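Structure first, then comments.
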Amino acid sequence: MRTFATLLTAGGLVSSAIIGSAAPAYAQPVAAPQPALVDLINPLMGTDSDHALSYGNTYPAIAVPWGMNFWTPVTGKMGSGWGYTYAAKKINGIKQTHQPSPWMNDYAALALFAETGPLKIQQEDRASWFSHKAEEARPYGYKVYLADYDVTAEVTPTARAAQFRFTFPKSDDAHILIDGQDGGSMVTIDPVKRRITGYVRNNSGGVPDNFHNYFVAEFDHDFTVTRTWDDNYQLSAAKTREGGHVGAVVSFKTAAGEQIGVKVASSFISPEQAARNLDVEVGKDGFDQTQVKAKQTWEAELSRVRVEDPSLDNRRTFYSALYRMLQFPRMFYEIDAKGKPVHYSPYDGKVHAGFLYTDNGFWDTWRAVFPFFAMMYPERDSEMMQGLVNTVKEGGWLPEWASPGYRDVMIGSNSANIIADAYANGVRGFDAETLYKAMVKNATTSAGRPTDKKGEVISAVGREGVEYYNRLGYVPYDVGINENAARTLEYATADFSLSRFAAALGKTDDAKLYAERAQNYRKLYDPQSGWMRGRNKDGSWETPFNPYKWGDAFTEGNALHYTWAVMQDTQGLIDLMGGDKKFVDRLDGIFTAPPIFDDSYYGTVIHETREMQIVNMGQYAHGNQPIQHMIYLYDWAGAPWKAQYHVRDVMKRLYSAAPDGYPGDEDNGQTSAWYVWSALGFYPVTPTVGQYAIGSPLFRKVTLTMPNGKTLAIEAENNGPDNVYIQSVTLNGAPHDMAYVTREALAQGGVLRFVMGPIPNKQWASTKAAAPFSMSAPAK
0 MRTFATLLTA GGLVSSAIIG SAAPAYAQPV AAPQPALVDL INPLMGTDSD HALSYGNTYP
60 AIAVPWGMNF WTPVTGKMGS GWGYTYAAKK INGIKQTHQP SPWMNDYAAL ALFAETGPLK
120 IQQEDRASWF SHKAEEARPY GYKVYLADYD VTAEVTPTAR AAQFRFTFPK SDDAHILIDG
180 QDGGSMVTID PVKRRITGYV RNNSGGVPDN FHNYFVAEFD HDFTVTRTWD DNYQLSAAKT
240 REGGHVGAVV SFKTAAGEQI GVKVASSFIS PEQAARNLDV EVGKDGFDQT QVKAKQTWEA
300 ELSRVRVEDP SLDNRRTFYS ALYRMLQFPR MFYEIDAKGK PVHYSPYDGK VHAGFLYTDN
360 GFWDTWRAVF PFFAMMYPER DSEMMQGLVN TVKEGGWLPE WASPGYRDVM IGSNSANIIA
420 DAYANGVRGF DAETLYKAMV KNATTSAGRP TDKKGEVISA VGREGVEYYN RLGYVPYDVG
480 INENAARTLE YATADFSLSR FAAALGKTDD AKLYAERAQN YRKLYDPQSG WMRGRNKDGS
540 WETPFNPYKW GDAFTEGNAL HYTWAVMQDT QGLIDLMGGD KKFVDRLDGI FTAPPIFDDS
600 YYGTVIHETR EMQIVNMGQY AHGNQPIQHM IYLYDWAGAP WKAQYHVRDV MKRLYSAAPD
660 GYPGDEDNGQ TSAWYVWSAL GFYPVTPTVG QYAIGSPLFR KVTLTMPNGK TLAIEAENNG
720 PDNVYIQSVT LNGAPHDMAY VTREALAQGG VLRFVMGPIP NKQWASTKAA APFSMSAPAK
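Quick note on numbering: numbering that gives the first Met the number 0 labels position 500 of the sequence shown as 499, and the sequence is numbered without any gaps.
So this is what it looks like as structure tokens:
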């Protein structure tokens, strides 16, 4: 007799394994088979969020890595950024989604749903009760029981298509509907071909006038009744409807347990391309075959990073975070009849050859997501850089927030960091000169200037206040430009990246100019208060000054957060603060300061502020990006053991593979990337230098398969919850006493071995020579 154990996450079934059997007493125990890495993932991690407080602001993305389309269950109202929330009790659809963030909202969405009995088409009316106990969420498939209709709904994805499977009870009135959502839609029912085609146009901005998402849905059963509805939810037998919000319903007679399959694909190019996407990516495969392929696709990517550790909880959290990292930016290109990549451009509304990726805010992801791609997925990173080249050619500017085209969100010109970092770390195959020119354009042109294409004004490109910045060395506080100090600091970091890129391309004069501008952070350091501070046009300081004031001179943070945003020159910041001891004391003080705040700029407590306040880490606001690197700065000041303590503390207290498993906005993989890097044992603080500051590895062993095929084993002897401190490090048997590791060394493979313990070794990597790169430090 055999027994079975089911491993459950908060999100439902993860895996099943035989754990025991009747056997003679002398038989040796047999280890349970290990679950696939993808089955450690909980797609519901971070979904217990709302507008006021975020534990991730995620939704269960049923997709393949970087897929053009995701699919997700819908519990919220049409048009709400919070489409799925864990606390909800009803589901009203499973929709194709392209939403990168609830704050950016969705575009090109359409939903499928199944019912029995009297037909209900409006979202609130048709919504069915469901339970997480009857819900299974995996990256490669989602399954839920719709209790009001006794229907089980399933979906499994490809990059641009999906398969649905609905299991019905015995019914003379079984229905499947396609909801075109509000914002412009069209549906056509073809009973002969058992097909529904159409388009949706809903969006939240960033699209040209001719934007469409064309779809095709093929059913494996004949229809008994077909109907469409108009903008007023009025049903008729018309085969075609077009309007602001239309939809289609097809009905069936079903036997108990009868399954109806629907194959769905879409295209931003044309109806013909949508049909091609369906044929190429699904074809004649059944539901189970598509699901197996999706699972294999995930496993292939996840297997590049293989964790061995007794903590199942930590492994689940790690792979759930890695899953989030491998979603954005999404593919916005398709494969034409000749097998070549082509894309509809959200920048000029035309179809072009080549790659394009979208749905990304570089303000977030330049910090750790793109450095991970450069190290582990350079072939994908190259495609993304090629996509940026195409963006520049089609729209005239580098995007800073694309969804799917230019969006007027956040500050800085952080595209410079991801491009220069990719090039510096060996990513090739893209037009570096075109991107360099675009970076210079950003660094010399104010936001909102006309494009080179049609004379239109585009916001959130270039640098607002750049004329002041390039003349004074900072964006003034008193000239009507909000978040001026944050802009200055971010421009300076981008100038460092631009300088490094210029040097790599042999542009020595430019390299010198932008290196000088990378020191502009010094203009905002106020020695009296010890913080970065807004500065007026005449050189005087912003008055009155409250370092706990959120916003105003800063972006979603305060002076205590942004003062550390000098990634290019930590040693220079140490010098400004008076040396290592004072610098370390200031770092310590962030964790011990009371979580007070001034919200007068916003007029209300924004969710980022509340998330800082409630975690009992003082002023350390890990739920937002500006301060996420701060812990690693101890490595520059001779106190790496303090970085080790705080890194492990944050991983333990703020992350878990649960619906409330993030400390704030997940933000296109960035908050996940912090965890992934930190769990490996190091983090990319400074762009373009190929150095990773060492923290405290979480696992006993991780094996990385590097892009060149070599393997790197990261081992941590004696590792455990209490042994967070590094005692010693060796790299391929040789002592390693530096507070960082290099990309070049990691790429060569071998063994990076840590010995861990419960007490700090304050001698390890504590000298100035052991510190990572800084512009102000002597060259090594």
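Every residue, glycine too, gets a C-beta built ideally from N, C-alpha and C. Bear in mind that the values here come from a model prediction, so they are computed numbers and not experimental data.
Measuring CB atoms only, is the segment 33-40 touching the segment 85-95, in the sense that at least three cross pairs come out at less than 8 angstroms?
Short answer: they don't touch.
Would you tell me roughly how many angstroms separate the C-alpha atoms of E716 and D308, rounded to the nearest one?
In the sequence shown, counting from the first residue as 1, residue 716 sits at position 717. In the sequence shown, counting from the first residue as 1, residue 308 sits at position 309. Approximately 11 angstroms between the Cα atoms of the pair.
From which residue to which residue does the alpha helix (DSSP H) around Y467 run?
For the purposes of this step, residue 467 is identified with residue 468 of the sequence shown, where counting begins at 1. Taken as a continuous stretch (DSSP letters only), the alpha helix (DSSP H) holding Y467 covers V465 to L471.
Using a Cβ-Cβ cut-off of 8 angstroms (strictly less than) and excluding sequence neighbours within five positions of N519, which residues of its own chain qualify?
The residue labelled residue 519 in the question sits at position 520 within the sequence shown. Same-chain partners within the cutoff: Y468, G472, Y473, T487, Y490, A491 and D494.
Could you check if V143 is buried or exposed, using at least 16 other CB atoms within 10 Å of its CB as the buried criterion?
As a first step, residue 143 must be located in the sequence shown, where it is residue number 144. With 16 or more Cβ atoms within 10 Å of its Cβ, V143 is classed as buried.
Under the three-state reduction of DSSP, which class applies to G571: helix, strand or coil?
If you number the sequence shown from 1, residue 571 lands on position 572. Helix, per DSSP.
Assuming the contact rule is C-beta atoms closer than 8 angstroms, D574 and S445 should be a hit. Round their C-beta distance to whole Å, please.
Translated into positions along the sequence shown, residue 574 becomes position 575. Translated into positions along the sequence shown, residue 445 becomes position 446. Not really, about 32 angstroms apart at Cβ, beyond 8 angstroms.
Who are the near neighbours of D430 in its chain, counting only those whose CB is closer than 6 angstroms to its CB and skipping five residues on each side?
As a working note, residue 430 is residue 431 in the sequence shown. Hits under 6 angstroms: V388.
Near G428, what residues of its chain come up, given a Cβ to Cβ distance below 6 angstroms and the 5 sequence neighbours on each side ignored?
For the purposes of this step, residue 428 is identified with residue 429 of the sequence shown, where counting begins at 1. Excluding residues within five positions, the ones whose Cβ falls inside 6 angstroms are S381.
Under the rule that 16 or more other beta-carbon atoms within 10 Å means buried, what is D178, buried or exposed?
One-based indexing of the sequence shown puts residue 178 at position 179. Buried, since its Cβ has 16 or more Cβ neighbours within 10 Å.
Beta-carbon within less than 8 angstroms of Y213's beta-carbon, same chain only, minus the 5 sequence neighbours each way: which residues are those?
Numbered from its first residue, the sequence shown carries residue 213 at position 214. The answer, listed in chain order, is T196, G197, Y198, S265, S266, F267, I268, S269, P270, Q272 and A273.
Which partner residues does S127 have in the DSSP bridge list?
Taking the first residue of the sequence shown as position 1, residue 127 is located at position 128. Beta-bridge pairing links S127 to I90.
Using CA atoms only, rank isn't needed, just tell me which of G140, Y422 and L311 is closest to M374.
For the purposes of this step, residue 374 is identified with residue 375 of the sequence shown, where counting begins at 1. The shortest Cα separation from M374 among G140, Y422 and L311 belongs to Y422.
Would the beta-carbon of Y356 fall within 8 angstroms of that of F317?
As a first step, residue 356 is located in the sequence shown; it is residue number 357 there, counting from the start. As a first step, residue 317 is located in the sequence shown; it is residue number 318 there, counting from the start. Going by C-beta atoms, Y356 is not nearer than 8 angstroms to F317.
Going by other Cβ atoms of all chains shown within 10 Å of its Cβ, with 16 needed for buried, is N483 buried or exposed?
Within the sequence shown, numbered from 1, the residue matching residue 483 stands at position 484. N483 is buried by the Cβ-count criterion.
Report the rounded CA-to-CA distance for A503 versus S496, giving the unit in angstroms.
Position 504 of the sequence shown, counting from 1, holds the residue named residue 503. Position 497 of the sequence shown, counting from 1, holds the residue named residue 496. Computed Cα separation, rounded: 11 angstroms.
In or out: D363 buried (at least 16 other Cβ within 10 Å) or exposed?
Here the question's residue 363 lines up with position 364 in the sequence shown. By the 10 Å Cβ count, D363 comes out buried.
Specify whether the segment 72-92 and the segment 126-145 touch according to this definition: at least 3 beta carbon pairs, one from each stretch, less than 8 angstroms apart.
These segments touch.
If you pair each beta-carbon of the segment 726-743 with each one of the segment 695-705, do three or more pairs fall below 8 angstroms?
No, the segment 726-743 does not touch the segment 695-705.
Is the CB-CB distance between T157 and A293 below 8 angstroms?
Stepping through the sequence shown from its first residue, residue 157 is reached at position 158. Stepping through the sequence shown from its first residue, residue 293 is reached at position 294. Yes, the Cβ-Cβ distance between T157 and A293 is below 8 angstroms.
What's the C-alpha gap between L751 and A770?
Numbered from 1 along the sequence shown, position 752 holds the residue referred to as residue 751. Numbered from 1 along the sequence shown, position 771 holds the residue referred to as residue 770. C-alpha separation (whole angstroms): 18 angstroms.
For I725, which residues does DSSP report across the bridge?
The residue given as residue 725 occupies position 726 in the sequence shown. BP columns for I725 point to M755.
Measure the C-alpha to C-alpha separation of K767 and G637 and round it to an integer number of angstroms.
Stepping through the sequence shown from its first residue, residue 767 is reached at position 768. Stepping through the sequence shown from its first residue, residue 637 is reached at position 638. Going from the Cα of K767 to the Cα of G637 covers about 7 angstroms.
Would you mind working out which of S302, Q669, R315 and K262 sits nearest Q290, comparing C-alpha positions?
Counting from one through the sequence shown, the residue named residue 290 turns up at place 291. With distances taken between Cα atoms, Q290 lies closest to K262.
Look up I188 in the DSSP assignment and give the residues it is bridged to.
Residue mapping note: residue 188 aligns to position 189 of the sequence shown, counting from 1. Beta-bridge pairing links I188 to I195.
May I have the straight-line CA-CA distance separating H645 from Q627, to the nearest angstrom?
Numbered from its first residue, the sequence shown carries residue 645 at position 646. Numbered from its first residue, the sequence shown carries residue 627 at position 628. Approximately 11 angstroms between the Cα atoms of the pair.
By DSSP, does L325 sit in helix, in strand, or in coil?
To locate residue 325, count along the sequence shown from 1; it is residue 326. It is coil, neither helix nor strand.
Where do the ends of the alpha helix (DSSP H) carrying L109 lie?
Within the sequence shown, numbered from 1, the residue matching residue 109 stands at position 110. It is not in any alpha helix (DSSP H) - L109 instead sits in the beta strand (DSSP E) that spans L109 to T115.
Checking the sheet assignment: what are the DSSP bridge partners for D597?
Here residue 597 refers to the residue found at position 598 when the sequence shown is read from its first residue. In DSSP, D597 forms a bridge with K548.
State the start and end residues of the unbroken alpha helix (DSSP H) segment that holds Q288.
For the purposes of this step, residue 288 is taken as residue 289 along the sequence shown, with counting starting at 1. Where Q288 is concerned, the enclosing alpha helix (DSSP H) stretches over F286 to L301.
D420 and P370 - do their beta-carbons sit closer together than 8 angstroms?
Position 371 of the sequence shown, counting from 1, holds the residue named residue 370. Position 421 of the sequence shown, counting from 1, holds the residue named residue 420. Taking 8 angstroms as the Cβ cut-off, P370 and D420 qualify as a contacting pair.
Determine contact between the segment 701-720 and the segment 656-663, defined as no fewer than three beta-carbon pairs at a distance below 8 angstroms.
Cβ pair count under 8 angstroms is below three, so no.
Quickly, what does DSSP pair F429 with across the bridge? List them, please.
Position 430 of the sequence shown holds residue 429. Answer by DSSP bridge pairing: none, since F429 is not bridged.
Which residues mark the beginning and the end of the alpha helix (DSSP H) in which W673 is found?
As a first step, residue 673 must be located in the sequence shown, where it is residue number 674. Start and end: Q669 to L679.
Do I175 and V224 have their C-beta atoms within less than 8 angstroms of each other?
Here residue 175 refers to the residue found at position 176 of the sequence shown. Here residue 224 refers to the residue found at position 225 of the sequence shown. No; because the gap between Cβ atoms is not below 8 angstroms, this pair is not in contact.
Which stretch, first to last residue, makes up the alpha helix (DSSP H) that contains V684?
The residue you call residue 684 lines up with position 685 of the sequence shown. Where V684 is concerned, there is no enclosing alpha helix (DSSP H), given that its DSSP letter is neither H nor E.
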